[in-house]
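Data first, discussion second: the structure below is written as structure tokens.
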Amino acid sequence: MLEIAVEKSAVMETGELVFEDQTRRILPYVLKEINELSVLHLNGGPPQEYRSAAPRSSGTIKFLLCVCTNRLKDRTGTSNPGFAGRRDCILASDWCKFQRIMHLRRLILALTALSFTGQNARSQEATPRLVLLLTVDQGRGDYLERFQPSFEGGFKMLLDGGVLFTDAHHFHASTVTAAGHASLSTGRYPAHSGMVGNEWYDRTDGKHVYCVEDGTTQILTPAGAKPRSGGGRSPARLLTTGLGDWIQANDPDSKVFSIGAKDRSAVLMGGQNAHGAFWFDTRSGQWVTSTHYAAEYSAWVREFHRERFADDYFGHSWTPLAVPHALLGEMEIVGTPDFTHTLGRADFYPTRRFYSALYNSPFIEPYLLDFAKKLVVAHELGADESVDVLALSFASVDTVGHTYGPNSPEVLDTMLRLDRELGELFDFLDERIGLANVAISLSADHGVASLPEYQSSHSLPGGFLSAADYACFQSAGRAFQEKFGKDDWFHEGLYFNDETLKRRDVERSSLESMIVKELARCPSIQRVWTRTEIESASAGGWLDKTLELYVHSFHPERSPDLYVQYKEGIIGRVRGTTHGSPYRYDTHVMALVHWPGARQGTVDERVNTVDLPVTIASLLGIDFPDDVDGVDRSALIRD
Numbered sequence: 122m123l124e125i126a127v128e129k130s131a132v133m134e135t136g137e138l139v140f141e142d143q144t145r146r147i148l149p150y151v152l153k154e155i156n157e158l159s160v161l162h163l164n165g166g167p168p169q170e171y172r173s174a175a176p177r178s179s180g181t182i183k184f185l186l187c188v189c190t191n192r193l194k195d196r197t198g199t200s201n202p203g204f205a206g207r208r209d210c211i212l213a214s215d216w217c218k219f220q221r222i223m224h225l226r227r228l229i230l231a232l233t234a235l236s237f238t239g240q241n242a243r244s245q246e247a248t249p250r251l252v253l254l255l256t257v258d259q260g261r262g263d264y265l266e267r268f269q270p271s272f273e274g275g276f277k278m279l280l281d282g283g284v285l286f287t288d289a290h291h292f293h294a295s296t297v298t299a300a301g302h303a304s305l306s307t308g309r310y311p312a313h314s315g316m317v318g319n320e321w322y323d324r325t326d327g328k329h330v331y332c333v334e335d336g337t338t339q340i341l342t343p344a345g346a347k348p349r350s351g352g353g354r355s356p357a358r359l360l361t362t363g364l365g366d367w368i369q370a371n372d373p374d375s376k377v378f379s380i381g382a383k384d385r386s387a388v389l390m391g392g393q394n395a396h397g398a399f400w401f402d403t404r405s406g407q408w409v410t411s412t413h414y415a416a417e418y419s420a421w422v423r424e425f426h427r428e429r430f431a432d433d434y435f436g437h438s439w440t441p442l443a444v445p446h447a448l449l450g451e452m453e454i455v456g457t458p459d460f461t462h463t464l465g466r467a468d469f470y471p472t473r474r475f476y477s478a479l480y481n482s483p484f485i486e487p488y489l490l491d492f493a494k495k496l497v498v499a500h501e502l503g504a505d506e507s508v509d510v511l512a513l514s515f516a517s518v519d520t521v522g523h524t525y526g527p528n529s530p531e532v533l534d535t536m537l538r539l540d541r542e543l544g545e546l547f548d549f550l551d552e553r554i555g556l557a558n559v560a561i562s563l564s565a566d567h568g569v570a571s572l573p574e575y576q577s578s579h580s581l582p583g584g585f586l587s588a589a590d591y592a593c594f595q596s597a598g599r600a601f602q603e604k605f606g607k608d609d610w611f612h613e614g615l616y617f618n619d620e621t622l623k624r625r626d627v628e629r630s631s632l633e634s635m636i637v638k639e640l641a642r643c644p645s646i647q648r649v650w651t652r653t654e655i656e657s658a659s660a661g662g663w664l665d666k667t668l669e670l671y672v673h674s675f676h677p678e679r680s681p682d683l684y685v686q687y688k689e690g691i692i693g694r695v696r697g698t699t700h701g702s703p704y705r706y707d708t709h710v711m712a713l714v715h716w717p718g719a720r721q722g723t724v725d726e727r728v729n730t731v732d733l734p735v736t737i738a739s740l741l742g743i744d745f746p747d748d749v750d751g752v753d754r755s756a757l758i759r760d
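Here it is in structure tokens:
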């Protein structure tokens, strides 16, 4: 027999249920489908059960009917027309409408699911209790397939049971940490999330600002550490909501936490309303947060800090895990993994230099995951029917990759160690809540260019900026001053000083034309993009593919007036390698979704990283904002 249990969320003073127009249009249709024609009255008693006269299938459906009234009793029992608790519904409020629509939508989906027979069909509709958002900083798009022969832990489990997207890209040109993490969190391009870079020039404040700095907050000082000066960290500069916020809007009992070695990674993946975000502090060797998230550390955090787990790595050296040499060529590794790297210098006890070395090594990840496991236990993530979120960002592939490059034994070893650590995390979650209740999304904030030495040895374009390039830059500056005169034409970076332009009565287009013409002569510059052409392209019409990437990176109040695009393979630093370009090696990133009850396989279709949070929301059956840039790809994941 089909039973429908209706749980009241609020009781009208009259004790009668009133349907608003939108509810009346939906609910009678549902009731007709199950031949339920009774009228519900709420009288303060237990949830009322209704039996269908001619049920279509057997089973039980429970849903929350959000009753919206002009007058509700607040938690003290006093009638209060203005009271609006988080779990109560208020007439004409957005929250009430959202809750009502979401719960009715669940009812319709549940009724549809019950029209199918068999336990398998019902199990595939089960909602995960924990969503695990994993980001591998600098996780190039070829890493999962290149290193697959040596995976034995977490990456292997994900590849064996998930859907791998082989052609996933960031569809923006500013391929840096903040922009990438914000895209993965919010489903929006940097042009809309506001994360145009890790930092930018704030024209209002007249200074460069860091993407997650917030002068109204303070970083909480760990026990035993010196007090910090300056501001803290928060998502105040993030202009949009993220997946964690959408999940909380669907169910306020959902908990959202994020952890990353980098503060910007942790803050941006958590979204606007995370219950906590933690990052590594190289001064103290501990995981810290800011007063945006808490006034003080919880007892479990203080207990974790007292153990000084970071110091366990003091005196250790980094030597590689064993890898069959026969696989090195297949994985495009140059050199043999027989290195030894020390953590820190000749110190007698852990210092800031040691903690910085730990941060720049693969050993930061087991330390992060130890902290994450404690968080899962302390906050009981995944322990009830509400969907919780834990976002983890792994920085070691990035810090190691910048120094040694994507074809190095060091990057291979870092990925293998992360594979092992993820395997232990999944075992922990399986034992605690069951992996059948965990959904996992894996991606990366950006890729990376190969070392110029690797490019040269393989007859590929690339190199470092040369003396000729620097001479060309200076020559362009000299020509600019000869034409326009010496003045404060620029703020820091490639931001025009609008006050100077106005005072000197010079058109922006004149400066742009002059600089573009002069820099075009520099041997390593492919093109200089101007604010004028980007804003013109943003107005609509056909776009050059590369120009479109810059349009998606451009925010009129935060972006510079000029973007310099180097030629493919050119590295704008004196050693190592980097990212930040619109080229494939920077935009192409790993992407995989491991969903309970969904299929396993490979998708070669082009997808964008902004699609991932939208797809996760769709798989969860929750609403997401209309203005996201991402596209729902859930059809590629479901059976």
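Counting in my numbering, the sequence shown runs from 122 upward without gaps.
Every residue gets a Cβ at the ideal spot worked out from N, C-alpha and C, and that includes glycine.
All of these numbers come straight from a predicted model, not from anything done at the bench.
message = Can you give me the C-alpha to C-alpha distance between residue 574 and residue 750, rounded to a whole angstrom?
response = 38 Å
request  = Could you check how far apart the C-beta atoms of residue 262 and residue 711 are, in whole angstroms? I think they sit under 8 Å.
outcome  = Rounded to whole angstroms, the Cβ separation of residue 262 and residue 711 is 6 Å, and the two are in contact under 8 Å.
inquiry  = My parser needs the beta strand (DSSP E) runs of 3 or more residues fully inside the region 257 to 286; what are they?
reply    = 284 to 286
request  = Would you mind working out which of 517, 325 and 503 sits nearest residue 555, comparing C-alpha positions?
outcome  = 503
query = With a CB to CB cut of under 6 Å and the five nearest residues on each side skipped, what residues in its chain are close to residue 337?
reply = none
key: Residue ranges of each beta strand (DSSP E) within the region 654 to 689, 3 or longer   = 683 to 687
query = Taking the DSSP output, what are the residues bridged to residue 407?
reply = 402
task = Closer than 7 Å by C-beta to residue 543: which residues in its own chain qualify, once you throw out the five before and the five after it? Chain order, please.
result = 274, 275 and 276
task = Look at residue 572 and residue 265 and say whether their C-beta atoms are less than 8 Å apart.
result = no
ask   = So is residue 592 buried or exposed if we call it buried at 16+ other beta carbons inside 10 Å?
value = So residue 592 ends up on the exposed side.
message = Between the alpha carbons of residue 438 and residue 605, how many angstroms are there, rounded?
response = If you take the alpha carbons of residue 438 and residue 605, they lie about 56 Å apart.
Among 703, 301, 565 and 656, nearest to residue 255 - alpha-carbon criterion = 565
message = On the criterion of 16 or more Cβ atoms from any shown chain inside 10 Å, does residue 582 qualify as buried, or is it exposed?
response = exposed
request  = Go through its chain and collect everything with a Cβ distance to residue 755's Cβ below 7 Å, but skip five positions before and after it.
outcome  = 736, 739 and 740
request  = Give the range of the alpha helix (DSSP H) segment to which residue 100 is assigned.
outcome  = Nothing about residue 100 can be read from this structure; the chain reaches only from 122 to 760.
query = Taking just the CA atoms, how far does residue 290 sit from residue 698?
reply = C-alpha separation (whole angstroms): 20 Å.
query = How many whole angstroms separate the CB atoms of residue 704 and residue 645, which I take to be in contact at a CB cut-off of 8 Å?
reply = Contact doesn't hold; Cβ gap of about 14 Å is too wide.
message = Looking only at its chain, what residues have a beta carbon closer than 6 Å to the beta carbon of residue 477, apart from the 5 residues adjacent to it on each side?
response = 403
request  = Note the first and the last residue of the continuous alpha helix (DSSP H) segment covering residue 602.
outcome  = 588 to 605
ask   = So what's residue 354 in DSSP terms, helix, strand or just coil?
value = strand
ask   = Is it right to say residue 743 is buried, meaning 16 or more other beta carbons lie within 10 angstroms of its own, or is it exposed?
value = buried
query = In the structure shown, what three-state DSSP assignment does residue 367 receive?
reply = helix
inquiry  = Below 8 Å, how does it come out for the region 669 to 683 and the region 318 to 326: are there three or more Cβ pairs, yes or no?
reply    = yes
task = Note down the Cα distance separating residue 725 from residue 637, rounded to an integer number of angstroms.
result = Spanning the two alpha carbons is a distance of roughly 38 Å.
Environment of residue 745 [buried if 16+ CB atoms lie within 10 Å] = So residue 745 ends up on the buried side.
In DSSP terms, what residue 729 is bridged to = 290
Where the beta strand (DSSP E) containing residue 563 begins and where it ends = 559 to 564
request  = Return helix, strand or coil for residue 523, following the three-state DSSP convention.
outcome  = helix
request  = Examine the ligand FMN and report whether any of its heavy atoms sits within less than 7 Å of the Cβ of residue 412.
outcome  = By its list of ligands, the structure shown contains no ligand whatsoever, and the ligand FMN lies outside what it can speak to.
key: Close beta carbons around residue 381, own chain, < 6 Å, minus the five adjacent residues each side   = 387, 400 and 514
ask   = Just how far apart, CA to CA, sit residue 642 and residue 260?
value = For the pair residue 642 and residue 260, the Cα-to-Cα distance works out to about 34 Å.
ask   = Rounded C-beta distance between residue 313 and residue 362? I'm assuming under 8 Å.
value = With a Cβ gap of about 11 Å, residue 313 and residue 362 do not count as contacting.
key: Minimum C-alpha distance to residue 561 - residue among 733, 359 and 723   = Of 733, 359 and 723, the residue nearest in Cα terms is 733.
task = Specify the secondary structure class of residue 554 as computed by DSSP and reduced to three states.
result = coil
Beta carbon of residue 530 nearer than 8 Å to that of residue 460 = yes
ask   = Excluding sequence positions up to five away, which residues of its chain have a Cβ less than 7 Å from the Cβ of residue 411?
value = 338, 339, 340, 341, 353, 354 and 355
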